[in-house]
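> Chains as they are written, first to last, in the working numbering: chain R, 1 to 299; chain D, 1001 to 1279.
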Amino acid sequence: MSTPGTDNDGIGKMRPIMTQSSNDAETRAITLRHRAPNRSAGRGFRHFYSIIATIIVFLIWEGGVRLFAVPALILPAPSVIFATIWERRSLYLAFTVPTTIEIVLGFLVAAVAGIMLGILVSFSSFARTTFYPMLISSQLIPKVAIAPVFVIWFGTGLESKVLIAFLIAFFPIMISTMVGLQVIEADMVRLFMSMGAGSTTTFIKLRLPAALPNIFAGMKIGMTLAVVGAIVAEFVAADRGLGYYLLYANGQLDSPGVFGALVLLTVIGVILYYLVEWSQHLFMPSALIKAADLTRATM
Amino acid sequence: MDDRRPSSLAATATEGAAGEPMVRLRDVSKVYGSLRRHGADVEALKPLDLDIATGEFVTIVGPSGCGKSTLLSLIAGLLPPTTGEIDIGGRPVVGPYTDLGIVFQKDLLLAWRTILDNVLIQAEVRGLDRRRMAARAGELLNLVGLSGFEEFLPHELSGGMRQRVAICRALLHNPPLLLMDEPFAALDAITRDQLTLDFQRFWQRDRRTVVFITHNLIEAVFLGDRVIVMTPRPGSIAEILAIDLARPRNLAVRDTPDFARYTRRIHDIFIETGILKAE
Chain R
1 MSTPGTDNDG
11 IGKMRPIMTQ
21 SSNDAETRAI
31 TLRHRAPNRS
41 AGRGFRHFYS
51 IIATIIVFLI
61 WEGGVRLFAV
71 PALILPAPSV
81 IFATIWERRS
91 LYLAFTVPTT
101 IEIVLGFLVA
111 AVAGIMLGIL
121 VSFSSFARTT
131 FYPMLISSQL
141 IPKVAIAPVF
151 VIWFGTGLES
161 KVLIAFLIAF
171 FPIMISTMVG
181 LQVIEADMVR
191 LFMSMGAGST
201 TTFIKLRLPA
211 ALPNIFAGMK
221 IGMTLAVVGA
231 IVAEFVAADR
241 GLGYYLLYAN
251 GQLDSPGVFG
261 ALVLLTVIGV
271 ILYYLVEWSQ
281 HLFMPSALIK
291 AADLTRATM
Chain D
1001 MDDRRPSSLA
1011 ATATEGAAGE
1021 PMVRLRDVSK
1031 VYGSLRRHGA
1041 DVEALKPLDL
1051 DIATGEFVTI
1061 VGPSGCGKST
1071 LLSLIAGLLP
1081 PTTGEIDIGG
1091 RPVVGPYTDL
1101 GIVFQKDLLL
1111 AWRTILDNVL
1121 IQAEVRGLDR
1131 RRMAARAGEL
1141 LNLVGLSGFE
1151 EFLPHELSGG
1161 MRQRVAICRA
1171 LLHNPPLLLM
1181 DEPFAALDAI
1191 TRDQLTLDFQ
1201 RFWQRDRRTV
1211 VFITHNLIEA
1221 VFLGDRVIVM
1231 TPRPGSIAEI
1241 LAIDLARPRN
1251 LAVRDTPDFA
1261 RYTRRIHDIF
1271 IETGILKAE
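#1: Under the rule that 16 or more other beta-carbon atoms within 10 Å means buried, what is residue 1038 of chain D, buried or exposed?
#2: Under DSSP, the alpha helix (DSSP H) around residue 1219 of chain D begins and ends at which residues?
#3: What does DSSP give as the partner residue(s) for residue 1211 of chain D in the beta ladder?
#4: For residue 1222 of chain D, which residues in chain R fall below 9 Å Cβ to Cβ?
#5: Scan the region 189–211 of chain R for residues whose Cβ lies nearer than 9 Å to a Cβ of chain D and list them as they occur along the chain.
#6: Kindly identify the DSSP beta-bridge partner or partners of residue 1024 of chain D.
#7: By DSSP, does residue 1291 of chain D sit in helix, in strand, or in coil?
#8: Below 9 Å on C-beta distance, what does residue 1078 of chain D contact in chain R?
#9: Quick one: does residue 284 of chain R have its CB under 8 Å from some CB of chain D?
#10: By the criterion of Cβ-Cβ separation under 7 Å, what are the contact partners of residue 1111 of chain D in chain R?
#11: Is there contact here, the region 196–209 of chain R with the region 130–137 of chain R, by at least three beta-carbon pairs under 8 Å?
#12: Return the residue from the list R/61, R/214, R/95 and R/73 that minimises the CA-CA distance to residue 79 of chain R.
#13: Closest to residue 1217 of chain D by CA distance: which of D/1253, D/1229 and D/1225 is it?
#14: Looking at residue 63 of chain R and residue 230 of chain R, is the spacing between their C-beta atoms short of 8 Å?
#15: Quick test of your reading: residue 1103 of chain D and residue 1180 of chain D, contact by CB under 8 Å. State the CB separation rounded to the nearest angstrom.
#16: Mapping the DSSP letters down to three states, classify residue 1101 of chain D as helix, strand or coil.
#17: Just checking my contact of residue 255 of chain R with residue 72 of chain R at CB under 8 Å: how many whole Å lie between their CB atoms?
#18: Just to confirm the assignment, what range does the alpha helix (DSSP H) spanning residue 1161 of chain D have?
#19: Starting from the C-beta of residue 1133 of chain D, find all residues in its chain whose C-beta is less than 7 Å away, skip the five residues before and the five after it, and write them out in chain order.
#20: Does the structure place the region 1199–1208 of chain D close enough to the region 1018–1034 of chain D that three or more beta carbon pairs sit under 8 Å?
#21: Please confirm if residue 1108 of chain D has its CB atom under 8 Å from at least one CB of chain R.
#22: Can you give the Cα-Cα distance for residue 1139 of chain D and residue 1068 of chain D, rounded to whole angstroms?
#23: Give a yes or no on whether 8 Å exceeds the smallest Cβ distance from residue 1098 of chain D to chain R.
#24: So with Cβ pairs under 8 Å, would you call residue 277 of chain R a contact of chain D?
#25: Once DSSP output is grouped into helix, strand and coil, what is the label at residue 1241 of chain D?
#26: Buried or exposed: residue 147 of chain R, going by 16 or more other Cβ atoms within 10 Å of its Cβ?
#27: Could you tell me which residues DSSP pairs with residue 1032 of chain D in its beta bridges?
#28: Which class does residue 25 of chain R belong to by DSSP, given the choice of helix, strand or coil?
#29: Hey, residue 1196 of chain D and residue 1223 of chain D are a contact pair by Cβ (cut 8 Å); roughly how many whole angstroms apart?
#30: Measuring CB to CB, does residue 1023 of chain D end up less than 8 Å from residue 1220 of chain D?
#31: Measuring CA to CA, which of D/1264, D/1149, D/1176 and D/1027 is closest to residue 1071 of chain D?
#32: Does residue 282 of chain R come out as helix, strand or coil in the three-state DSSP assignment?
#33: Please identify the residue among R/127, R/250 and R/202 whose C-alpha is closest to the C-alpha of residue 184 of chain R.
#34: Using a threshold of 8 Å, state whether the C-beta atoms of residue 223 of chain R and residue 276 of chain R are closer than that.
#35: Is the Cβ of residue 159 of chain R closer than 8 Å to any Cβ of chain D?
#36: So which of R/157, R/59, R/102 and R/115 has the shortest CA-CA distance to residue 176 of chain R?
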């Protein structure tokens, strides 16, 4: 029985030729491993443990400050810090928003530019010989040192802060994109050539997806650096933002205020970092991300 | 695209179709220019002639560095020959030749694609109808004993299973020619025996033209209609053995005197050409 239009090569109705039984043990073992209770419970515990550990650190801090009667100017107790944040919540909120915007915008520009430049430098020998040395040199200028120049050029508004956050964050993204695009095996490219793939198809179907784990690793570093960039920019010239408030409170010898800003900065940074990590799932299969999870190295 | 029924391929199994070889090499050689400024050029292949008939299973055996992989790349059009001409199906090979499937020593599966999607990359790159090809991919995976693994990711499979997937990918578009570059060399001995057996049976269904490179002479004799024995670098054909053993060949055939005669002969050639040192 042959259905017209299908089965044009006669393999349709045949039984397995490479026998299932031959690799049955192999197959079964793998199936079992796959169906074994997954570690979702364990993952829940991982968060549980990190929360417990954080609480313990705060308790030791609190206890130490009280036991040795450390003055709040030197090191305020966590209870004092959280009380300060709560008391000045409207002020902190008003300063958290602009800083977060600076970080996010700086990071986004850095991600787009870093990936584009990484691709450009990887595939264009012209870009590699002309722009690349310039891009490297741009990283050797201390960003803190040129921040005042940007303020002169772009004013004390949002632009100069986004620019500095971008300048600090884009480099690891560009480098990791370049590294990612080079990890392809030569035979893999030959395989694609034999399928008739041109360089565009090879790039979209092979090089770019293969580079994604590296690109995301670079973006995670870039995210943390964007926080540094935004704060540095606010140190130089600003009239709002957590970085600005850090300097202000420090000038007032208001240590609880300083620590309150630090806590909020940390919280923003952690949330944004995990947002980047989570966004991987939009581009890569979850099982692959899990398999390549850096925090789960086994000996 | 070639859509011939395998039955018609099988009918013309060992004889070349109308006497025309499927693959024809004339005076083909390869010299690699040295990468160093004053280094000497490396002659990988001496000029050689070779005909491979339609439906023939040709194995090429030789030591590492004898130019057998170079030979395969030349046939696939992935390397230009220094001299000579290569025809496949009467058409000269200039640039990558696409009407074929290739299996390499590494499975080269894409880690981010499921098993089914890894097989279907062949259809995507070639712009073939995905739905029709998905059905065929499922059938091929079933044939190699991997039905039920379509949605797995490559890292969840063993080496042998992954190489089976690579074979399915190479055959998805039903190419008339299959090139294999030491496909089982990275596998453990038992898995290797199993895949060799299975692949023979698989091949016997449609008797597609296969060029199979190996450094394992037992594998070469077991699978080949003809075994091409290479000399050390610069590579050339030392001798061609026609293997007259009934198919399907089972593992026990390796212990028969006939089989031993062939392997003994290859050993002798290896000793004559200095690949093996006689004790």
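For each residue, glycine too, the CB sits at the ideal point set by N, CA and C.
The model shown is predicted, which means the values in this text are computed figures rather than measured ones.
On the basis of the coordinates in this document:
#1: exposed
#2: 1217–1223
#3: D/1058 and D/1179
#4: Near residue 1222 of chain D there are no residues of chain R at all, since even the closest Cβ is about 16 Å away, more than 9 Å.
#5: 190, 191, 192, 193, 194, 195, 196, 197, 201, 202, 205, 206, 209 and 210
#6: D/1051 and D/1087
#7: In this structure chain D extends from 1001 to 1279, so residue 1291 of chain D is not present and cannot be described.
#8: 190, 193 and 194
#9: yes
#10: 288
#11: no
#12: R/61
#13: D/1229
#14: no
#15: 5 Å
#16: strand
#17: 6 Å
#18: 1159–1171
#19: 1120, 1123 and 1172
#20: no
#21: yes
#22: 32 Å
#23: yes
#24: no
#25: strand
#26: buried
#27: D/1042
#28: At residue 25 of chain R the pLDDT is 46, less than 50, meaning the model places this residue with poor confidence and gives no usable figure here.
#29: 6 Å
#30: no
#31: D/1027
#32: helix
#33: R/202
#34: yes
#35: no
#36: R/115
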